[in-house]
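Since the structure comes first, as structure tokens, the remarks are kept for the end.
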Ligand SMILES: [Fe+2]
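Residue numbers (the numbering used here): 10 to 257.
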């Protein structure tokens, strides 16, 4: 019997680096709550199969008011929401507002959706722990088809002079050595850099999403605001195809 192969298409919205504060005060003169809502409610983010919040939900130091605001917004959505922490988050505080798995003091997990497997890592402390890399090495080979991975920090330099210099992933070589082992991992999705990039290592493409808080100029080694407009990423994942589009 012949079966017609169906090209399953998942539409995933990625919002990163929201940096919401404890209350409605502006953050560096930016209305970050409005920026987040502009991304969430944009035409491009309708009819999602999954929304991913890829870290730095809170502005500075895991402000509970930030998590409450975001939790109140996403509970209205019809699609599932996957969340990982960034370097300004705290998973113990986040766990009071979001249904996130915490094991060994970290938030890392696999989420299966419509027959596809999506992996999430916790790099909030600036590196990916050996526990998580060991877990990836045991879990990803169990999946027959292609997988994708989300983590807050890019596992590579991005030619962003400020972020590469001050805030790069500390153990990126160790992480890349592990990620390079998987034949069925070709796309990694990150945030953290407050600037959009597509960078390749081996045959893996790293898609770095812009922030909804603000964009940071990549061409100088000190902080310079590039834009206070929110940015986000939409990912369409079919059989052997991944399309991404960054929106502002
Ligand atoms: Fe950030």
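Note that CB positions come from ideal geometry on N, CA and C, so glycine has one too.
| Check | Outcome |
| --- | --- |
| Leaving out five residues on either side along the sequence, give the residues of the same chain with a beta carbon under 6 Å from the beta carbon of residue 45. | 27 and 221 |
| Over what stretch of residues does the alpha helix (DSSP H) that includes residue 118 continue unbroken? | Counting along the chain, residue 118 falls outside any alpha helix (DSSP H), though it belongs to the beta strand (DSSP E) covering 118-122. |
| Return the chain-ordered list of same chain residues with a C-beta closer than 6 Å to the C-beta of residue 162, the five sequence neighbours on each side being excluded. | 132, 178 and 201 |
| Which same chain residues end up closer than 7 Å to residue 180 when comparing Cβ atoms and leaving out the 5 residues on each side of it in sequence? | 136 and 137 |
| Is residue 162 a contact residue of ligand 1, with contact defined as CB to any heavy atom under 7 Å? | no |
| Quick check: the stretch 110-123 against the stretch 137-148, are there 3 or more CB pairs under 8 Å? | yes |
| In the structure shown, what three-state DSSP assignment does residue 184 receive? | helix |
| So what's residue 46 in DSSP terms, helix, strand or just coil? | helix |
| Output the residue ranges of the alpha helix (DSSP H) runs that lie fully inside the stretch 83-150 and measure 4 residues or longer, sorted by chain position. | 100-103 and 139-148 |
| Tell me whether residue 63 is buried or exposed, calling it buried when 16 or more other Cβ atoms sit within 10 Å of its Cβ. | buried |
| Look at residue 212 and residue 223 and say whether their C-beta atoms are less than 8 Å apart. | no |
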